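For the sequence shown, the working numbering begins at 33 and goes up steadily by one.
Glycine included, C-beta positions come from ideal geometry on N, C-alpha and C.
Keep in mind the model is a prediction, meaning the values are calculated, not measured.
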Amino acid sequence: MTLEEALKPMDSAFWEMSEAFDGLTDQDLWIRAHPRLLSVGELAVHVAFGEVRWLYPELSSPLVNDQASYYLHSVNHPLKLEMGVEAIYAEVKRVHEACKAYVIAEQSDITSMLPGREDWTWGYTLEYMAFHIAYHTGQMYSVRHLLGHETSNN
């Protein structure tokens with residue numbers, strides 16, 4: 033499998049995430065449908081944080097926030113950035129594209145080990161990232177449904 037082929041599932045999952053933002057209002061971006069269920073905004077920040085952490089740690093973004101690194105770090109401390117739906121989605125997309133471009137430019141061997149995680153190859157990391165994006169996108173849809181939204185694609 034080539035590096036470009038390994039990245040395609042991430043792009044598919046990311047496209048699905050774009051649909052989860054369709055029709056979402058700024059007012060509901062940071063609302064939790066339940067105190068133990070993260071908001072759409074928090075989930076988006078977490079996805080971006082994960083891509084930066086594992087794929088391109090030097091990338092700078094307002095979404096790189098340690099509070100978003102793991103559910104247990106954020107569940108009791110709601111995160112709300114001063115960004116609306118368009119700005120959050122644009123930044124998540126920018127992060128995704130930058131991480132993907134970095135991986136293509138810097139990693140030619142998907143069988144090599146990921147720095148800082150000697151039990152994961154680059155290929156497995158990309159596979160996991162596709163799952164990670166898709167998993168949290170599903171949560172975004174659940175939050176929207178619990179808030180009473182009609183979503184376009186779920």
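(request) Indicate the three-state DSSP secondary structure (helix, strand or coil) for GLU129 in the structure shown. (result) helix
(request) Report all residues from its chain with a CB closer than 7 Å to the CB of ILE63; omit the five preceding and five following residues, and keep chain order. (result) If we look at ILE63 and ignore the five residues flanking it on each side, its Cβ neighbours are SER71, LEU179.
(request) Can you have a look at MET115 and say buried or exposed, based on whether 16 or more other CB atoms are within 10 angstroms of its CB? (result) buried
(request) Please state whether DSSP places HIS66 in a helix, a strand or coil. (result) strand
(message) Could you tell me the alpha carbon to alpha carbon distance between HIS105 and GLN99, rounded to whole angstroms?
(response) 6 Å
(message) Once the 5 residues before and after HIS109 are set aside, which same chain residues still bring their CB inside 8 Å of it?
(response) If we look at HIS109 and ignore the five residues flanking it on each side, its Cβ neighbours are GLN99.
(request) Put GLU182 into one of helix, strand or coil per three-state DSSP. (result) coil
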